[in-house]
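The structure appears right after this line, and notes come after that.
There are 2 protein chains.
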Amino acid sequence: MSTQPLRVIPLGGVGEIGKNATLVEYGDDLLLVDAGLKFPEEEMLGIDLVIPDLSFLQEVQQRLRGIIITHGHEDHIGALPYILASIDVPVYATSLTCGLITVKLKEHRLLGKRKLEPLVPNEMREIGPFQVQPFRVTHSIPDAVGFAIHTPAGTIVFTGDFKFDQTPLYGPPPDFATLAQIGQRGVLALLSDCTRVEKAGYTPSERVIERAFDDIIRDLPGRVIITTFASNITRIQQALYVAARHGRKVALVGRSMENNCAIANELHYLDFPEDTVFRLDDVRRFPLNEVMLITTGSQGEPSSVLSRIASGDHRQIKAMPGDTVILSATPIPGNEETVARTIDNLMRLGSDVIYEPLADVHVSGHGSREEIKLMLNLLRPRYCVPVHGEFRHLVLYRRLASEVGIPTENVLLAEIGDVIQFDDVGVRRVDHHAVGSVLVDGVTVGGTNEVVLRDRQHLSRDGVLIVSVTLDRTTGSIIAGPEVISRGFIDPSRNGDGRLLEEARERIREAIEEPAATTVEYGFMVSKVKETLSDYIYKQTRARPMVLPVITEV
Amino acid sequence: MSTQPLRVIPLGGVGEIGKNATLVEYGDDLLLVDAGLKFPEEEMLGIDLVIPDLSFLQEVQQRLRGIIITHGHEDHIGALPYILASIDVPVYATSLTCGLITVKLKEHRLLGKRKLEPLVPNEMREIGPFQVQPFRVTHSIPDAVGFAIHTPAGTIVFTGDFKFDQTPLYGPPPDFATLAQIGQRGVLALLSDCTRVEKAGYTPSERVIERAFDDIIRDLPGRVIITTFASNITRIQQALYVAARHGRKVALVGRSMENNCAIANELHYLDFPEDTVFRLDDVRRFPLNEVMLITTGSQGEPSSVLSRIASGDHRQIKAMPGDTVILSATPIPGNEETVARTIDNLMRLGSDVIYEPLADVHVSGHGSREEIKLMLNLLRPRYCVPVHGEFRHLVLYRRLASEVGIPTENVLLAEIGDVIQFDDVGVRRVDHHAVGSVLVDGVTVGGTNEVVLRDRQHLSRDGVLIVSVTLDRTTGSIIAGPEVISRGFIDPSRNGDGRLLEEARERIREAIEEPAATTVEYGFMVSKVKETLSDYIYKQTRARPMVLPVITEV
Chain A
32 MSTQPLRVIP
42 LGGVGEIGKN
52 ATLVEYGDDL
62 LLVDAGLKFP
72 EEEMLGIDLV
82 IPDLSFLQEV
92 QQRLRGIIIT
102 HGHEDHIGAL
112 PYILASIDVP
122 VYATSLTCGL
132 ITVKLKEHRL
142 LGKRKLEPLV
152 PNEMREIGPF
162 QVQPFRVTHS
172 IPDAVGFAIH
182 TPAGTIVFTG
192 DFKFDQTPLY
202 GPPPDFATLA
212 QIGQRGVLAL
222 LSDCTRVEKA
232 GYTPSERVIE
242 RAFDDIIRDL
252 PGRVIITTFA
262 SNITRIQQAL
272 YVAARHGRKV
282 ALVGRSMENN
292 CAIANELHYL
302 DFPEDTVFRL
312 DDVRRFPLNE
322 VMLITTGSQG
332 EPSSVLSRIA
342 SGDHRQIKAM
352 PGDTVILSAT
362 PIPGNEETVA
372 RTIDNLMRLG
382 SDVIYEPLAD
392 VHVSGHGSRE
402 EIKLMLNLLR
412 PRYCVPVHGE
422 FRHLVLYRRL
432 ASEVGIPTEN
442 VLLAEIGDVI
452 QFDDVGVRRV
462 DHHAVGSVLV
472 DGVTVGGTNE
482 VVLRDRQHLS
492 RDGVLIVSVT
502 LDRTTGSIIA
512 GPEVISRGFI
522 DPSRNGDGRL
532 LEEARERIRE
542 AIEEPAATTV
552 EYGFMVSKVK
562 ETLSDYIYKQ
572 TRARPMVLPV
582 ITEV
Chain B
32 MSTQPLRVIP
42 LGGVGEIGKN
52 ATLVEYGDDL
62 LLVDAGLKFP
72 EEEMLGIDLV
82 IPDLSFLQEV
92 QQRLRGIIIT
102 HGHEDHIGAL
112 PYILASIDVP
122 VYATSLTCGL
132 ITVKLKEHRL
142 LGKRKLEPLV
152 PNEMREIGPF
162 QVQPFRVTHS
172 IPDAVGFAIH
182 TPAGTIVFTG
192 DFKFDQTPLY
202 GPPPDFATLA
212 QIGQRGVLAL
222 LSDCTRVEKA
232 GYTPSERVIE
242 RAFDDIIRDL
252 PGRVIITTFA
262 SNITRIQQAL
272 YVAARHGRKV
282 ALVGRSMENN
292 CAIANELHYL
302 DFPEDTVFRL
312 DDVRRFPLNE
322 VMLITTGSQG
332 EPSSVLSRIA
342 SGDHRQIKAM
352 PGDTVILSAT
362 PIPGNEETVA
372 RTIDNLMRLG
382 SDVIYEPLAD
392 VHVSGHGSRE
402 EIKLMLNLLR
412 PRYCVPVHGE
422 FRHLVLYRRL
432 ASEVGIPTEN
442 VLLAEIGDVI
452 QFDDVGVRRV
462 DHHAVGSVLV
472 DGVTVGGTNE
482 VVLRDRQHLS
492 RDGVLIVSVT
502 LDRTTGSIIA
512 GPEVISRGFI
522 DPSRNGDGRL
532 LEEARERIRE
542 AIEEPAATTV
552 EYGFMVSKVK
562 ETLSDYIYKQ
572 TRARPMVLPV
582 ITEV
């Protein structure tokens with residue numbers, strides 16, 4: 032049978048290549064695997080979210096047969112509302128994942144306007160020319176799957192985020208039989224999670240958390256506050272079981288925490304033990320040693336419940352001595368400082384805070400080196416494209432794959448936008464699309480581009496100086512000004528700074544009034560004023576604030 | 032004997048209370064312990080360094096008898112040039128520390144203008160009413176000491192940064208005998224390093240690094256680049272020994288690396304093995320497998336040697352396949368992302384990078400919980416003021432101190448500026464000085480205050496919009512404008528954004544021309560323009576850029 036080229040194209044996400052979204056292309060047809068968002072990097076000033084490039088997806092939307100989702104975490108479903116706002120394409124996901132997507136679509140007023148198709152593990156699904164086989168994996172959320180995508184040109188496997196949890200809290204252990212079967216049938220290419228390839232050994236089972244919670248909470252005389260990701264349904268379940276065991280009443284606090292738990296409970300993926308979960312107002316009527324709050328804020332996000340408690344800003348919950356706060360998460364790189372400050376503030380209010388490494392109150396949802404090797408040995412792929420890590424993780428994955436016998440040349444290290452083709456020649460990059468990421472800034476999607484970001488960085492370093500001067504259109508002489516306004520540069524209300532600006536004004540006046548050899552043109556005058564001020568300020572302070580002349584001719 | 036009150040006042044440093052500088056007060060006399068700087072936190076936009084409050088020190092300079100320094104790391108000596116620029120007071124330090132201070136004074140053209148007095152461990156030194164007894168401790172730099180400060184009111188001990196390294200690379204093990212002796216004589220108060228109080232057990236000896244380097248470097252076929260702090264003399268020494276053993280020629284690269292090593296070598300704290308250390312230009316003539324470079328840049332600082340190599344910007348050193356880069360340091364909280372990016376970029380250039388947790392190429396210079404307990408048990412202080420940690424560390428230290436029998440009420444958790452008094456009543460806060468920290472921004476010391484920082488944060492989030500309009504002074508009608516300039520907000524060269532600004536101009540025009548009930552005052556017009564634009568932009572985009580009206584009346 033003659034086949035068409037089979038390709039994958041990692042999209043969006045910054046740093047973590049292909050984690051948030053990857054396109055699979057067979058002939059004319061496309062299938063998108065996951066549609067997640069990423070939190071912005073430090074230097075993306077004023078940016079709230081980063082999502083995959085929408086314009087590229089719009090360009091190819093006629094060829095896009097569907098979006099298949101591995102699991103319900105933000106970094107795999109968070110971009111869906113933005114994509115579905117402009118593209119009408121069916122989304123396929125397992126039951127809990129569909130539920131969590133529904134919450135998002137409702138928020139963005141898209142519910143009912145887009146097709147959401149339920150997937151069942153091990154039930155084959157035909158989507159265009161793709162035979163999609165979802166298989167169960169274990170992760171820190173129930174109902175997570177990977178995909179074997181069968182095409183006439185061969186099978187591509189996406190692991191999704193996974194660990195091999197032999198004692199998962201919800202559902203059966205990982206589906207080794209199906210994985211082995213897929214492996215025996217032959218895997219052309221494996222696109223594997225490699226986030227945790229730096230860690231030797233195995234990641235502990237999620238179940239160890241329950242014991243840790245138990246040990247901490249058993250004899251506590253006061254209130255307990257457990258903070259974790261709102262999408263970490265498994266963690267929340269364990270907290271609920273521990274609460275029930277120790278007779279504590281639980282309130283779920285934070286909008287995403289409430290919404291996610293409600294839908295997970297409705298779909299029977301989150302079991303509310305009898306007489307345990309209450310509204311916050313009701314829980315507050317119980318004695319403190321019978322109370323547990325489960326809140327958002329494990330990353331120290333300023334508007335989250337825990338941060339507001341820590342800064343004394345939460346309307347209903349005041350931290351106090353006797354409280355014990357358990358931070359059941361590790362900071363995502365870049366959030367260490369805000370998390371540390373949250374802990375410090377809670378301790379200042381007299382609360383006890385338990386966090387890693389003080390106690391084992393968090394385990395990763397990603398497999399360590401031995402688990403990544405196990406996945407490779409179950410599937411025995413011909414080619415590998417590690418897709419869920421930053422570049423150093425991809426390099427380490429290639430080295431680890433060679434330990435289990437995959438030749439180095441069969442492991443391709445992709446960058447975002449690479450078009451990677453699998454065929455008889457091997458695995459290779461055949462093209463590259465300039466797909467960027469889209470920065471979401473408040474409600475503007477993609478309104479912030481490189482120019483705007485660069486300006487923000489400049490403004491944030493040294494602030495801005497505005498020179499305003501009004502000139503006579505015919506004579507070129509000064510009618511009003513120059514005035515110099517400083518913001519984020521120096522504080523003109525202070526004496527020394529005021530003198531600096533006074534002197535700067537004098538220099539600008541001299542520059543404008545300097546006799547010119549020829550008639551002075553407007554553009555020339557603007558540059559002259561700008562240079563005069565920039566040079567003077569640099570000489571005096573070694574700083575380079577943004578200088579904006581506003582010259583009006585009347 | 033009647034005594035005067037004995038007090039300590041933790042100064043400067045952000046977050047880490049008293050790490051960088053602490054004042055000791057006995058009667059009218061003051062002694063400053065350490066004068067370090069801190070690297071700025073994430074939201075301190077445009078700030079390079081943070082140093083203790085200079086104006087407060089200037090106020091009390093008549094009473095200040097001296098500055099005593101525990102060891103030569105940046106966070107303990109880095110503020111000295113700024114302090115000594117305005118205050119003439121003698122500085123006391125051990126030999127290597129004096130050498131490293133000399134390097135700084137030279138850079139700031141203060142050498143020879145200030146008194147630098149050598150201290151010898153265990154030799155008592157009289158400084159005003161203070162009997163200062165330096166005692167040897169082990170840390171990641173040689174010649175580190177702690178201080179027992181004897182006064183008529185009792186003895187205060189500063190541990191300085193310490194670990195109990197039983198097999199230090201340079202010099203004898205920690206001076207247990209002296210510590211025990213000081214303890215037996217009686218310690219009123221202990222001000223202890225508690226940075227690593229979160230870690231159980233003991234911190235490994237610095238010496239383990241040499242074995243790790245040996246194992247990695249033994250059979251490497253290419254060039255080796257080792258990156259660490261320029262002040263980590265002990266680490267550099269081990270790299271030199273390993274290089275010599277494997278016949279590699281070493282170049283020290285980076286200004287601070289070269290300067291620090293030169294002075295440490297001159298003072299016999301850093302041994303250059305024969306035929307090992309060369310200039311970079313000379314080393315480049317050797318085959319790659321006979322070369323080792325030791326560079327700065329372990330924190331991913333953009334201008335450091337390693338970052339420039341990683342981004343392909345270093346004039347003389349180009350990273351390539353076959354190179355092995357060893358990152359012998361862990362990122363300081365807040366630097367994780369830039370360090371990760373440096374690793375990614377080096378790997379993109381084909382270099383191998385070895386870092387924690389891939390290999391044990393770094394150990395901390397601070398003692399873990401068992402060592403902190405050992406210090407407490409050697410000294411048996413009456414009162415404790417943990418001073419080298421963030422607030423949560425202080426809380427954990429108090430709990431740990433109670434494990435070895437120090438009553439909780441005898442451990443005081445201080446904030447910067449607290450005046451802490453030790454007397455028969457106990458330990459207590461008797462006063463608080465509003466001492467801040469000084470932000471160093473380029474060459475301006477303290478030119479950046481809260482107002483300026485807040486403006487920078489605002490600018491960095493949503494950028495700035497400037498409205499310029501010229502009005503007729505008598506009629507109030509518009510002569511020129513309104514013009515709207517956008518920077519860091521939206522990109523007006525794009526179509527949609529241009530229309531937004533066009534519409535905004537129209538709104539401002541209407542607002543100005545709106546018939547007013549009474550005569551319109553200038554200030555009123557400015558607010559009206561500002562509100563009109565802010566409201567319109569917020570309604571359209573949900574963003575709140577800084578709005579600056581420039582209204583000229585002619």
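Listed in order, the protein sequences are those of chains A and B.
Quick note on this note's numbering: the first sequence kicks off at 32 and runs consecutively.
Quick note on this note's numbering: the second sequence kicks off at 32 and runs consecutively.
For each residue, glycine too, the CB sits at the ideal point set by N, CA and C.
Keep in mind that this is a model prediction, so the values were computed, not measured.
Spatial neighbours of residue i in its chain, beta-carbon cut-off 7 angstroms, leaving aside the 5 residues before and after
| i | result |
| --- | --- |
| A:K135 | I108, L111, P112 |
| B:A535 | V515, L564, Y567, I568 |
| B:H464 | I40, F87, G448, V450 |
| A:S338 | G328, G331, E332, T373 |
| A:V384 | V356, L358, I374, L377, M378 |
| B:R540 | I509, P513 |
| B:T15 | Outside the displayed range of chain B (32 to 585) lies residue 15 of chain B, so it cannot be described from this structure. |
Contacts that residue i makes with chain B (C-beta to C-beta distance below 9 angstroms)
| i | result |
| --- | --- |
| A:A511 | T501, T583, E584, V585 |
| A:L251 | None at all; the shortest Cβ gap to chain B is about 15 angstroms. |
Interface residues of chain D facing residue i [CB-CB closer than 7 angstroms]
| i | result |
| --- | --- |
| B:D245 | The chain labelled as chain D is not found among the protein chains of the depicted structure, namely A and B. |
Residue i: contacting residues in chain A (beta-carbon distance under 8 angstroms)
| i | result |
| --- | --- |
| B:M577 | R518 |
Same chain, Cβ closer than 6 angstroms to residue i, neighbours up to 5 away in sequence not counted
| i | result |
| --- | --- |
| A:M323 | V255, A274, R279, V281 |
| B:T34 | P183, A184 |
Residue interval of the beta strand (DSSP E) (run including residue i)
| i | result |
| --- | --- |
| B:Q162 | 161-167 |
| A:Q452 | 449-454 |
| B:H463 | 457-463 |
| A:G185 | 185-189 |
| B:P149 | 147-149 |
| A:E514 | 509-518 |
Same chain, Cβ closer than 8 angstroms to residue i, five either side skipped, listed in chain order
| i | result |
| --- | --- |
| A:V284 | L311, L324, I325, T326, T327, V336, I348 |
| A:E584 | T501, L502, D503, R504, Y553 |
| A:V474 | For A:V474, the predicted model reports a pLDDT of 47, less than 50, meaning its position is unreliable; a value from the coordinates is still stated below. Contacts found: none. |
| B:S342 | N376 |
Contact set between residue i and chain A, taken where Cβ atoms lie within less than 7 angstroms
| i | result |
| --- | --- |
| B:G365 | E367, E368 |
| B:R379 | F422 |
| B:D375 | E421, F422, R423 |
Where the alpha helix (DSSP H) containing residue i begins and where it ends
| i | result |
| --- | --- |
| B:R346 | No alpha helix (DSSP H) contains B:R346, which DSSP labels as neither H nor E. |
| B:G214 | 207-216 |
Expected contact under 8 angstroms - CB spacing of residue i and residue j to nearest Å
| i | j | result |
| --- | --- | --- |
| A:L131 | A:P83 | In fact, because the Cβ distance is near 19 angstroms, the residues do not count as touching under 8 angstroms. |
| B:E402 | B:T234 | 7 angstroms |
| A:V168 | A:Y428 | With 8 angstroms as the limit, A:V168 and A:Y428 do not qualify as a contact, their Cβ atoms being about 17 angstroms apart. |
| A:P580 | A:V557 | 5 angstroms |
| B:A542 | B:K570 | 14 angstroms between Cβ atoms; not a contact. |
Cross-chain neighbours of residue i in chain B, by beta carbon under 7 angstroms
| i | result |
| --- | --- |
| A:I497 | I497, L579, V581 |
| A:A220 | Those do not exist, as A:A220 stays about 22 angstroms from chain B at its closest Cβ, beyond 7 angstroms. |
Contact set between residue i and chain A, taken where Cβ atoms lie within less than 9 angstroms
| i | result |
| --- | --- |
| B:R487 | L490, S491, R492, D493, G494, R518, G519, F520 |
| B:P388 | E229, K230, A231 |
| B:V384 | R423, V426 |
For this session: Output the residue ranges of the beta strand (DSSP E) runs that lie fully inside the segment 279-334 of chain B and measure 3 residues or longer, sorted by chain position.
Result: Within the segment 279-334 of chain B, the complete beta strand (DSSP E) segments at least 3 residues long are 280-284, 322-326, listed from N- to C-terminus.
For this session: Within the segment 223-261 of chain A, note down every full alpha helix (DSSP H) run reaching 4 residues or more, in order along the chain.
Result: Runs of the alpha helix (DSSP H) inside the segment 223-261 of chain A: 239-248.
Exercise. Which runs of the alpha helix (DSSP H) fall wholly inside the segment 99-163 of chain B and span at least 4 residues, in chain order?
Worked result: Listed in chain order, the alpha helix (DSSP H) elements of length 4 or more contained wholly in the segment 99-163 of chain B are 105-108, 111-117, 126-138.
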